[in-house]
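Anchor point for the sequence shown: position 201 equals 375 in this note's numbering, and the numbering is continuous, going up by one each time. By construction, the Cβ of each residue, glycine as well, lies at the ideal position given by its N, Cα and C atoms. Since the structure is predicted, the reported quantities are computational estimates derived from the model, not experimental observations. What follows is a set of notes on a single structure, which appears directly below.
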Amino acid sequence: ANSLFAKEVVQVLNLILLTSDETVELCHILQKSLRNPEGRHLFIALYTSWCHCSMATVSLCLLSKAYKHAYNLISVLDTHSGSRLVDLLVQADTLVALLESPAFTSLRLELLRPIGCPDLVLALYGLLMLLPQSPAFYTLQTRLSAVQTLLTLQAAAFAPMSSPPTLEKHINNSVNNAGEPITDEQFSSMLEQFHDMRARHAKEKTNRNAVQNVNINEGGSCNIDSSKPSKALDVQLNVL
Numbered sequence: 175a176n177s178l179f180a181k182e183v184v185q186v187l188n189l190i191l192l193t194s195d196e197t198v199e200l201c202h203i204l205q206k207s208l209r210n211p212e213g214r215h216l217f218i219a220l221y222t223s224w225c226h227c228s229m230a231t232v233s234l235c236l237l238s239k240a241y242k243h244a245y246n247l248i249s250v251l252d253t254h255s256g257s258r259l260v261d262l263l264v265q266a267d268t269l270v271a272l273l274e275s276p277a278f279t280s281l282r283l284e285l286l287r288p289i290g291c292p293d294l295v296l297a298l299y300g301l302l303m304l305l306p307q308s309p310a311f312y313t314l315q316t317r318l319s320a321v322q323t324l325l326t327l328q329a330a331a332f333a334p335m336s337s338p339p340t341l342e343k344h345i346n347n348s349v350n351n352a353g354e355p356i357t358d359e360q361f362s363s364m365l366e367q368f369h370d371m372r373a374r375h376a377k378e379k380t381n382r383n384a385v386q387n388v389n390i391n392e393g394g395s396c397n398i399d400s401s402k403p404s405k406a407l408d409v410q411l412n413v414l
């Protein structure tokens with residue numbers, strides 16, 4: 175049950191991070207994590223806890239402009255288990271709504287130059303393909319349809335050039351002046367950490383279901399209202 179509580183807390187903290195006025199400065203620091211040591215350390219520190227919630231981890235990567243890693247996370251999400259898939263889709267729906275919030279204004283503006291941020295475009299399309307056809311799906315599809323138009327225009331504009339400018343070149347130049355970037359090895363290690371956390375949650379959920387089945391077979395009561403947060407989370411929210 176500890177992992178379930180941790181997941182609920184991370185969901186709340188992620189929502190606070192992305193929507194509260196008090197955390198605006200933290201968001202600005204995270205948005206510079208690929209080229210600023212302070213933002214990089216904060217991103218790595220939060221990542222360990224955020225792994226308890228898949229979509230919170232994806233949103234952290236999108237906020238921190240770690241777009242390639244966000245795409246890799248979306249690509250390995252567990253979409254086979256019925257109950258976990260429903261929860262995942264609810265989280266994805268919330269993430270799409272948050273993408274329209276002020277916290278992701280800089281991300282949306284980057285889509286003005288889709289030819290310079292292919293990993294971001296891929297991550298958003300990955301999120302779109304995960305969603306069923308719902309209001310969240312059409313919201314994201316509408317924004318990405320504008321990206322397709324911009325991509326066509328920019329491809330035509332850069333056609334005479336042998337090597338169009340890319341966002342990656344800009345980031346690399348900035349990193350050279352601000353310390354070492356997060357390496358591919360570090361991102362690989364973080365992806366493995368994400369896998370391990372997903373496996374831990376799956377195992378604990380299986381154990382919880384087994385206990386509930388035993389209680390039912392023994393005539394015990396197993397009335398659980400999944401629509402309400404746990405009592406422990408209620409206490410946490412009151413503190414916040």
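- Taking C-beta separations shorter than 7 Å and ignoring five residues to either side along the sequence, the partners of V295 in its chain run P288, V321, following chain order.
- With contacts defined by Cβ atoms closer than 8 Å, K242 and D195 do not form a contacting pair.
- For K239, there is no enclosing alpha helix (DSSP H), as DSSP gives it neither H nor E.
- Put simply, the backbone Cα of H369 is about 17 Å away from that of T380.
- In the displayed model, D195 falls within a helix according to three-state DSSP.
- With a threshold of 16 other beta carbon atoms within 10 Å, E212 falls short and is exposed.
- Within 10 angstroms of the beta-carbon of E182 lie 16 or more other beta-carbons, which makes it buried.
- S177 and T316 have their C-alpha atoms spaced approximately 36 Å apart.
- With respect to L298, L318 sits close: the two C-beta atoms are nearer than 8 Å.
- Around the C-beta of K377, fewer than 16 other C-beta atoms lie within 10 Å, and the residue is accordingly described as exposed.
- Straight-line measurement puts the Cα of L251 at about 21 Å from the Cα of R382.
- Cβ-Cβ distances below 8 Å link L365 to H243, N246, L247, V250 in the same chain, with the five nearest sequence neighbours on each side left out; the list follows chain order.
- DSSP places E274 in the coil class of the three-state scheme, outside both helix and strand.
- For L216, the CB contacts under 8 Å within the same chain, skipping 5 residues up- and downstream, are L200, I203, L204, S207 in chain order.
- L305 and A230 have their C-alpha atoms some 16 Å from each other.
- Judged by DSSP in its simplified three-state form, C201 adopts helix.
- V388 has its alpha-carbon roughly 46 Å from the corresponding atom of F278.
- The distance from the Cβ of L324 to that of L286 is about 6 Å, consistent with a contact at the 8 Å cut-off.
- For T222, the uninterrupted alpha helix (DSSP H) run begins and ends at 211 to 224, by DSSP.
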